[in-house]
Amino acid sequence: MKYALFLGCKIPSGLPAYATSTRAVLGHLGIELVDLEFQCCGYPARNYDRDAFVVAAIRNLALAECHALDVLTPCMCCFGTLRQAIRMMTEDAALRARVSRSLADDGLVWSGRATVQHVLPLLAREVGVDALKTAVRAPRTDLRLAAQYGCHALRPSDVTGIDNPVAPTIFETLIRAAGATPVDWPRRLDCCGDPSHESNAPLSGRMTRAKIVDAQEAGADAICTACPHCHLRFDAAQAAESAPAMPTLLVTQLLGVAMGLPAQSLGLPHAEDQRADAFP
Amino acid sequence: MSTAHSERFDVAVIGAGLAGMAAALFARERGLSCIQVGGSGGILFASGLLDLMGVHPVVERRTWSDPFAALAALAQDEPDHPLARVDAASIRAAFESFVAALATTGLPYAPLGERSRSVLTSLGTIKTTFGVPRSMAAGADALDARSPCLLVDFRGLREFSARQIVATLAGGWPGLTHRRIEFPASGAAAELYAAHLARSLETRAVREQVIGLVKPLIGDARAVGFPAVLGLAHSADVHAAFEAGLGVPVFEIPTMPTSVPGLRLQGALEASVAGRGVRRIRRTEVRGLAFAANDDEATLELGDDPNGRRGECVLARAVVLATGRFSGRGLVADRDRIREPILGLPVMQPPSREDWHRRDFHDPAGHAIHRAGLTVDHAWRPLDGTGTPAWPRLVAVGSILAKQDWIRSKCGSGLAIATAWAAIHHLARELRAPASG
Amino acid sequence: MSPGLFQTLLVASLALCALGIAWRVAAWFRIRIGPDARSVTAWQRVRGVLATVAASLSGWRGPRVLGAFCLDALLLRRLFANAPWRALAHLFVVTGFTLLVLTHALAPFVTARLVPGYQPTLEPWLFVRNLLGAMVLGGLVVLVVARWRARSRMGLPHRPRAALFATLLGIVLATGFLLEAHKIASPRAFHRMTDAFAGAADPTALASLRALWAREYGVAFDVRTDVVAADVTAAGRRLHEEACATCHAKPASAFVSWPLAKLMAPVAGTLDAVSADAWLLHLHVLACFAGLALLPFTTFLHVLAAPFSLLLDAVARHGAAPARPLPLAARATRRALSVDACVRCGMCDLDCSVATLARHLDNRYLLPSHKLVATREAASPRLRQAMRRDARALADARRAADGAFLCTDCGRCTRHCPVGLDLAELWDAGRDDLEAAGLPAAATWVRERPAIAWAESLANVGDRAVLAVVDASRAPLACDRRTFSRCVQCQTCTNVCPVVAHAMDADPRSAADPGVDLTPQKVMNLLRLGLPDLALGSRMVWDCATCYQCQEQCPEGIRVADIMCELRALSVRRLAAVRDVAEQS
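Residue numbers (my numbering), protein chains in the order written: chain R, 917 to 1196; chain V, 83 to 519; chain P, 2 to 586.
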């Protein structure tokens, strides 16, 4: 399996450990990752100009297509956004014409060949739970984890379709494959609050807090994330505390640790002292 | 379209309302591999109560406390009614299986008795139903005994007024009292919504606050009733916590759609179906359904996939059509006729549009359009234009069937669950299914 | 030029330079970018920076900090990583220029003291001077060409007096080479020398000397006035050895001036007649003085600002507390000096994550190079005054704000910046300044008025043509009433909306978070009724978390969240037209 790795804007500067751990884990599983000159997926532009948003998103896909690669991203927002852009191009012929003209200025063409995949379903389905279990050397039976699905990979399911949006299970399956125990927390499918942060920080804070409290009450040791936005939002909400009540752990870090990969290759422990991922 | 590498299932269920969900569950129970297509949004309008047969004859508005006796009468009066064609034992088994599945996914029901239960609604009316969620059961008990009860409502939850319920019942239940409390941390909102309260009550601190507000108000009441907001995904835990905290039986009162019990039912059914290994595709239409010449298998052509690529094709040895009526687009009313959109099956319907409705909206006899639908043979197979089954292993279940008026008969859930059971039973025999799955 | 005048001019330009530098450096401690910069005084900043740098250099991390500084500031490590040719050229320019100043301009104080018997006309100085001059000239040419080729389609911001300073530098180099070439070819210069050092020589020997100098030293004699022997005799050579050779090596090694001298040979006499040497010398010296005096006011102040920036960067990365941000004094200073340290090289723009958006939205303020300049302006009170007076300034400022708020903080610009600017931090501070100046993000300015007030403004617009059209190309779902024909107002969308849920305990008195004004189902209803203007100014449109629960759960398949996104883009455009009206009322 070979993919063009789409890191997006948040991971390289805000959460480089996610890139490191993704490369380490996927490399260990024999998946080849290629770096192309990707730009922003276009998510923030969607609020300003529909055409500009689609041009920005599709440019990335056209680039991947040019290299005959499919796109794999660890960020759920980028995943959902790129898929949304594809849908818009498919539904709206006039938009498609305008965007294609714009891309042609850069010498790029989009014909929809490059698919968009996220690390979570890639691991759960294409790699498969059996292959993961075989690769696990040190199952983390000590950990009780709250799986944070996030929003943009689950919904809308006709665009993202990684699992049943009302009753998803693939994240819990992955947690079990790593030997850990997933907890059943009532707010598991709720939004972390990150997208509202810019316009309404207090509201966003309440959304994040509610999830943290929920995970605590469900008896989780940490929230396991698969998106830098969720991950950083939970950290930011607890930044003022010296020891956060609910640490965060990336799914790639969890699997990497369970597979026995060296901690440093997974970005553990973090340099920033505000994050208290105290694993392994 | 190449079907060489398509996935193949024993049963394809088209539709994810109550009937479709029931069909998928029953198919898996019998070891049949199953794929289910369709959005489950219709379930959001459910109240959580499972009706079996409440009113018969419709025109007389006669209610029955014994649904099986009602069914017996129905069988006499309307032998072509879908429910008349399923025997009582099967109906019981179907319901038991259905609520058992729900129990495993966090939505327990009170044990099913021989008779219906009477349940107080948020309008202050009394409804007769067969399957009652456990969280509402104590209310049925309290109603039967007319024991002193406290009804609690929340300022801002406009859809539910305890005072109005008590007023509507007038002298019917003297021991019923009502109090209003302030939901914690809700000061800013002029209007509250049930689902948000339900989610909030899954947090211990909020729960304890509400319990703390209600406990001193109990007085002589022997049970406390709330609007249906006691939890969403973990309602069983929340309900138990309330009973433990208040020290008396606690019951929920079903509210208007879209209600929390509807959301719970949808969640529990999706989880059940997922848990039983049904391949589930939501929010994609079935673009085409074709049958192989040798009658061996059907090909479902699905809508575009999330990557914008041409929809996949799925093969199935049998198909269950559970697409519902007009709101779910199982039936489509054009200007001059009603049609079935997927296969164009003939729809039994009044001769012309003028006959669809009676003049008076509240006419006790109801309206002919509601009895329109697909006619099926003894094996639940819809008939084509020549009166023979359209396909040997295509069955139709639920509200798409003709000769029933589920709204006025108050038999919606029964119709869905019982016909699904019976149809799957036939299909299973047809397929002579081993325990594949 | 008399020595006295020379001295005066030198002192004057040095003084101007020093004052200019002092003025500019003071600005680095005075200018406040970011609201938090108000809480440190200039003096606190000076002390803070000194303390931080001292702490980093004195600790055990000191060598690492110094090492990083040397690598980045002296050896241009970052520039090499991004653009090796430009880095090499820059190194040439800096090395060449510095050494020229040391060995040539300051020769009496440096070279003459270090090397006994120093004469500028001896080896290796002839070669070295030309080499250094060629390095600078060559490097400059490469830099100019590389910058021109590397510019993005949206151009780069203007560099203060760059052309002027570069021209002065060019004049210095050109006049230097030309003067040397002229002196090589000039017969008059030869006469002056022979009058002074070979006055008693024998005419035959002189003629022979002239022959030698014509052949090997490039002098272009006019045979009508000077007798040039046919051959170089032994006597001529002896004369050369006695009178000339001690101070003059063959100038062929001056590989730029020598060919130039050959080219100038035909007009050597004419140039002598007009005292070209004096003109060239004056030009050369005056250009130097002008450059010196002007340096602090041109982009070339970066020779001081850039190393300072790189020092602070080295301290931030490797100093006393690398995991934590620098103290506010240092951060505020770093922000203030960024505009002076920035050389507008455009490396930040090349890899910018939103470059495509910048092009498509035709807003150059999305690009870091332009955003930097805009950030500096946003911090100044002049901007606020300009905005009030001038509609174009206001429009431009708003575009700058759009650019600032569309930045995704990906950090690429910071990683690429060769002068170590902390752009990421600067953008944060800049956004705060923009908000304080009344230029917040759309999510904020839309929320400044209630939805009904916006709707009234839209309704009262006289010239409907100024309003952006609510058209299907931008908002295909929101504009098509068929989208909503199946909406039965079941309130499922509202019931599953986390914004509505968590607005329960909002504070109605707060401006930032007063609670819900229109629930999702109400917004859908307004659109269903064909009244988009009533919904455009709603807070819900921007508070929406795009979690897609509404769209997922809608029993009728209405794409509620997609519609919210469309409304955002619509509101930005349509409400912009009445925004000024709103602010005046």
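Virtual Cβ for every residue (Gly too), placed ideally from N, Cα, C.
Asked: Among V:180, V:150, V:131 and V:332, which one has its Cα closest to the Cα of residue 230 of chain V?; Found: V:332
Asked: So for residue 1108 of chain R, helix, strand or coil by DSSP?; Found: coil
Asked: Whole-angstrom Cβ separation of residue 34 of chain P and residue 336 of chain P, contact assumed at under 8 Å?; Found: 4 Å
Asked: Does the beta carbon of residue 35 of chain P come closer than 8 Å to any beta carbon on chain V?; Found: no
Asked: Buried or exposed: which applies to residue 1189 of chain R, given that a residue is buried once 16 or more other Cβ atoms fall within 10 Å of its Cβ?; Found: With a pLDDT of 34 at residue 1189 of chain R, under the threshold of 50, the predicted position of this residue should be treated as unreliable, though the coordinate-derived value follows. Flag for residue 1189 of chain R reads exposed.
Asked: Among V:480, V:361 and V:360, which has the Cα closest to the Cα of residue 404 of chain V?; Found: V:480
Asked: Thinking just about the alpha-carbon of each residue, which of V:99, V:114, V:210 and V:232 is nearest to the one in residue 144 of chain V?; Found: V:210
Asked: May I ask you to list the residues that DSSP assigns as paired with residue 98 of chain P?; Found: Note: residue 98 of chain P sits in no beta bridge, so no partner.
Asked: Shorter than 8 Å from the beta carbon of residue 281 of chain V to some beta carbon of chain P?; Found: yes
Asked: Determine whether the beta carbon atoms of residue 108 of chain V and residue 179 of chain V lie at a separation below 8 Å.; Found: yes
Asked: Roughly how many angstroms separate the alpha carbons of residue 1159 of chain R and residue 1083 of chain R, rounded to a whole number?; Found: 32 Å
Asked: Is the number of C-beta pairs between the stretch 478 to 498 of chain V and the stretch 449 to 460 of chain V that are closer than 8 Å three or more?; Found: yes
Asked: Between which two residues does the alpha helix (DSSP H) holding residue 289 of chain P run?; Found: 277 to 295
Asked: Going along the chain, which residues of its own chain have a beta-carbon closer than 7 Å to the beta-carbon of residue 1094 of chain R, five neighbours each way excluded?; Found: 1052, 1055, 1056, 1170, 1171 and 1174
Asked: With C-beta atoms as the reference, is residue 30 of chain P less than 8 Å away from residue 495 of chain P?; Found: no
Asked: Among the residues of its own chain, which have a CB less than 7 Å from the CB of residue 219 of chain P, if the five just before and after it don't count?; Found: 185, 186, 252, 259, 262 and 263
Asked: Considering just the uninterrupted stretch of the alpha helix (DSSP H) at residue 521 of chain P, what are its terminal residues?; Found: 521 to 529
Asked: Let's test the definition: count the other Cβ atoms within 10 Å of the Cβ of residue 937 of chain R and tell me whether it reaches 16, buried, or not, exposed.; Found: buried
Asked: With residue 234 of chain V as the anchor, note down where its beta strand (DSSP E) starts and where it stops.; Found: 231 to 236
Asked: By DSSP, does residue 1150 of chain R sit in helix, in strand, or in coil?; Found: helix
Asked: Which chain R residues are close to residue 294 of chain V, counting only those with a beta carbon under 7 Å from its beta carbon?; Found: Within 7 Å Cβ-Cβ: nothing; residue 294 of chain V doesn't reach chain R, min ~18 Å.
Asked: Give every residue of the same chain whose Cβ lies closer than 8 Å to the Cβ of residue 970 of chain R, excluding the five residues on either side of it in the sequence, and list them in chain order.; Found: 958, 1001, 1004, 1005, 1011 and 1015
Asked: Counting only Cβ pairs nearer than 7 Å, list the residues of chain P close to residue 268 of chain V.; Found: 505 and 506
Asked: With residue 551 of chain P as the anchor, note down where its alpha helix (DSSP H) starts and where it stops.; Found: 550 to 554
Asked: To which residues does DSSP link residue 1033 of chain R through a beta bridge?; Found: R:988
Asked: Assuming residue 399 of chain V and residue 92 of chain V form a contact by the criterion Cβ under 8 Å, report the distance between their Cβ atoms to the nearest whole angstrom.; Found: 5 Å
Asked: Any beta carbon of chain R sitting closer than 8 Å to that of residue 83 of chain V?; Found: Bear in mind that a pLDDT of 38 at residue 83 of chain V, under 50, signals an unreliable position, so the model cannot answer this.
Asked: Counting C-beta neighbours from all protein chains within 10 Å, is the total for residue 1022 of chain R 16 or more, i.e. buried, or is it exposed?; Found: exposed
Asked: Decide if residue 2 of chain P is buried, meaning its Cβ has at least 16 other Cβ atoms within 10 Å, or exposed.; Found: exposed
Asked: Mind listing the chain R neighbours of residue 98 of chain V? Cutoff is C-beta to C-beta under 8 Å, in chain order.; Found: Those within 8 Å of residue 98 of chain V in chain R number zero; the least Cβ separation is about 10 Å.
Asked: Is it true that the stretch 526 to 545 of chain P meets the stretch 563 to 570 of chain P, where meeting means three or more beta-carbon pairs spaced less than 8 Å apart?; Found: yes
Asked: For residue 92 of chain V, which three-state DSSP category applies?; Found: strand
Asked: So if DSSP puts residue 251 of chain P in a beta bridge, which residue, or which two residues, is it bridged to?; Found: Looking at the DSSP assignment, residue 251 of chain P forms no beta bridge with any residue, so it has no partner.
Asked: If we count the other Cβ atoms within 10 Å of its Cβ and call it buried at 16 or more, is residue 176 of chain V buried or exposed?; Found: buried
Asked: Can you give the Cα-Cα distance for residue 1111 of chain R and residue 409 of chain P, rounded to whole angstroms?; Found: 13 Å
Asked: Given that a residue counts as buried once 16 or more other Cβ atoms are within 10 Å of its Cβ, and exposed if not, what is residue 1 of chain P?; Found: The structure shown does not extend to residue 1 of chain P, since chain P is modelled only from 2 through 586, so no value can be given for it.
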